[in-house]
Amino acid sequence: MTDSNDLKLNREVRRILVKHYVDLGRLAVRSQRGRVTIFGHLQRVMGALEPLTPPIVEAMFYEIGRLRLASKINVRLDNWAFDGGKWKRVEKEIGDSPASLKKKAALKRESRTQLKSGHKERTGGDR
Amino acid sequence: MAEGNPRKILSIDDEPDILTVYRSALSLQGYNIETASEPEEGIRLLREQGDFDLLMLDVKMPGKSGFDVYSEIREFVDVPVLFVTAYPKSFTLESDQVTRMWQDHFADGTTDILYKPFELEQLYEKVDGLIGSASSSSDES
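Residue numbers (my numbering), protein chains in the order written: chain A, 3 to 129; chain B, 716 to 856.
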């Protein structure tokens, strides 16, 4: 059951996503006892002047991780991965070979683990 | 909302079949759902009842679009809104109306979007994320 603080947190997360012109229809935001989970496809709404860049994505999730009610942030995106301390776009391209798809899948798995520990360092983990 | 009462949702959509799905799916989750198949009917319900916890709004409807309804109801009621549409391209900042809505209203964090077709789980996720479960006691909405 989502409690009042989690609803407030969801709202704050959406505020930040909207500020960055993120297409909310392609993402899901869930908060449970201060733990924020964001998953889906990260992209801006149509007509935005510039696409999302790694520094913008980094700043956006940093801002979400710094929200007062957020104790932890878990991000699972199908088109961005956290690799080597940086966000990278990993969109599937037409004509991807099975080998490169396998490599991208491995990168995604790896990024989930790194993101978890990376954000914990930046946000101080569970507060 | 009084504690113990199920959260109340109004859905405005011109497709009767989808309204049936909403009624069935959201009632199963314990929400109290009312529906309107015409924008004007939905606006009237909002004006008369005014105690809805969530408005689910189709974008493309004959006569008055979901965006028109959204702009109109914001003048007299403050309610979280979930846009449900099969046309993601409707949300383009090339439209002055969408840009205004995005900056003036989406920016407060109480609006979300769900694209059709969707799994029921995605619908529940969005509704729960905006207003909580059917019987949540919260002052958020």
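Just so you know, even glycine gets a beta-carbon here, dropped at the ideal spot from N, CA and C.
- For the stretch 58 to 83 of chain A, the full-length beta strand (DSSP E) segments reaching 3 residues or more read 74 to 79 along the chain.
- Along the stretch 802 to 831 of chain B, the beta strand (DSSP E) occurs as fully enclosed runs of 3 or more residues at 826 to 830, listed in sequence order.
- G27 of chain A has a beta carbon lying within less than 7 Å of a beta carbon in chain B.
- For M48 of chain A, the nearest beta carbon of chain B is closer than 7 Å to its own beta carbon.
- Proximity of A30 of chain A to chain B, defined by a Cβ-Cβ separation below 7 Å, is satisfied.
- Its chain contains A30 and R78 as the residues whose beta carbon lies nearer than 6 Å to that of F41 of chain A, once the 5 sequence neighbours on both sides are disregarded; these appear in chain order.
- Within the same chain, and ignoring the five residues on either side of D25 of chain A in sequence, the residues whose Cβ sits closer than 7 Å to its Cβ are Q45, R46 and V47.
- Taking all protein chains shown into account, F821 of chain B has 16 or more neighbouring C-beta atoms within 10 Å of its C-beta and is therefore buried.
- Close to E14 of chain A, with beta-carbon spacing below 8 Å, are these residues of chain B in chain order: G824.
- Listed along the chain, the chain B residues whose CB falls inside 8 Å of the CB of R70 of chain A amount to none; the nearest CB is some 14 Å away.
- Boundaries for K779 of chain B: no beta strand (DSSP E) harbours it, and the DSSP string shows neither H nor E there.
- Taking a Cβ-Cβ cut-off of 8 Å, R78 of chain A has no neighbours in chain B, whose nearest Cβ is about 14 Å from it.
- Taking the beta carbon of D827 of chain B as reference, the chain A residues within 7 Å of it are R16 and L26, listed in sequence order.
- For R738 of chain B, same chain residues with a beta-carbon under 7 Å away, outside a window of 5 residues either side, are I748 and T750 in chain order.
- Scanning its chain for C-beta atoms nearer than 8 Å, with the 5 sequence neighbours on each side dropped, one finds around E65 of chain A the residues I18, in chain order.
- Annotated three-state conformation of S33 of chain A is strand, per DSSP.
- Contact between the stretch 836 to 849 of chain B and the stretch 801 to 814 of chain B is absent: fewer than three C-beta pairs spanning the two stretches fall below 8 Å.
- Judged by their CB atoms, P754 of chain B and V784 of chain B are nearer to each other than the 7 Å cut-off.
- Shown here for T825 of chain B: same chain residues with a beta carbon closer than 6 Å to its own, the five before and five after excluded, namely P795 in chain order.
- Cβ-Cβ separation between H43 of chain A and N81 of chain A: approximately 5 Å, consistent with a contact (criterion under 8 Å).
- It is roughly 24 Å from the alpha-carbon of P803 of chain B to the alpha-carbon of F63 of chain A.
- About 20 Å separates the beta carbon of G757 of chain B from that of P721 of chain B, a gap too long to meet the 8 Å contact definition.
- When DSSP reads this structure, R13 of chain A sits in no beta bridge, so it has no partner.
- For secondary structure counted as the alpha helix (DSSP H) over 4 or more consecutive residues, the stretch 748 to 777 of chain B holds these complete runs in sequence order: 754 to 764.
- The alpha carbon of D793 of chain B has as its nearest neighbour, out of B:D768, B:V799, B:L772 and B:E809, the alpha carbon of B:D768.
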